[in-house]
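Inspection log for the structure reproduced underneath, given as structure tokens.
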Amino acid sequence: MFKMISEVVKISPFLNEWKGKNSSKVITSNAKVQAYFSQGKDSPINVVLIKQLKQYDKPTYEQLIKKGVMIEYQGMNMIFTKEGSAIRGTVYAGNGVKAGEVLITDDEITEESKVTNYDAYRVFQSFMGEDD
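Written out as structure tokens, the structure is:
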């Protein structure tokens, strides 16, 4: 399972070329990726990086989902893994207790067990169909 930016850098030619800086080819930036390349500061994978990989480096995004990726978001840990044609998202509270589970398809989020933190749905939506 992938948890840290350094782990993604090892498998992503895109990140090694981009280094998190806005350019004419990549019209976005990522301060945590920049900090990794400029200062060697590693950070947990965040939803911003997931969105960027999904848009600019689909093969790496697919590899993360296939093997599993953990994101830290607002004191929660969320684990996403490929399950058939869908993605399973499992949410854990800060104390490590399972706080809900969803199944994500291109156009739908189905609760397998109740997720009470509605901010988590912003993260779930990042894994839905193609971005606009």
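Sequential numbering of the sequence shown, starting at 1352, is according to our numbering.
No residue lacks a Cβ here, since even glycine has one placed at the ideal position from N, Cα and C.
Other residues of its chain near residue i: CB distance less than 7 Å, five sequence neighbours each side excluded
i: K1417; result: K1433
i: S1357; result: Y1387 and D1393
i: N1381; result: G1371, V1399, L1400 and Q1403
i: V1377; result: W1369 and Y1407
i: T1379; result: N1373 and Q1403
For residue i: DSSP bridge partner residues
i: A1437; result: E1434
i: K1449; result: Y1443
i: P1364; result: BP columns for P1364 are empty, so no partner.
Own chain residues within Cβ distance below 6 Å of residue i, not counting five before or after
i: G1426; result: G1445
i: I1460; result: V1453 and F1475
Reduced DSSP secondary structure (H/G/I, E/B, other) of residue i
i: S1375; result: coil
i: V1420; result: strand
i: F1388; result: helix
i: F1303; result: What is shown of the chain runs 1352 to 1483, which leaves residue 1303 out entirely.
i: S1380; result: coil
i: T1411; result: helix
i: D1482; result: Unreliable positioning characterises D1482 in this predicted model, as indicated by a pLDDT of 44, which lies under 50. A coordinate reading is not provided.
Residue i to residue j span [Cα, whole Å]
i: I1422; j: N1397; result: 5 Å
i: T1411; j: G1451; result: 26 Å
i: K1409; j: G1447; result: 30 Å
i: V1442; j: G1419; result: 13 Å
i: M1355; j: V1384; result: 10 Å
i: S1375; j: Q1390; result: 24 Å
i: M1479; j: S1464; result: 18 Å
Nearest neighbour of residue i, chosen from the options [CA to CA]
i: N1367; options: T1441, F1388, S1394 and M1479; result: F1388
i: D1458; options: G1447, A1471 and S1436; result: S1436
i: F1353; options: M1479, T1379, Q1476 and L1400; result: L1400
i: Q1476; options: T1379, L1454 and V1384; result: L1454
i: V1466; options: F1431, K1449 and N1373; result: K1449
i: Y1424; options: T1379, M1479, D1470 and P1364; result: D1470
CB contact check: residue i to chain D, cutoff 8 Å
i: Y1443; result: Here there is only one protein chain, and chain D is not present.
Nonlocal neighbours in the same chain, by C-beta distance under 8 Å from residue i, ignoring five residues either side
i: I1362; result: T1411 and Q1414
i: V1359; result: F1353, L1366, I1396, L1400, L1404, T1411 and L1415
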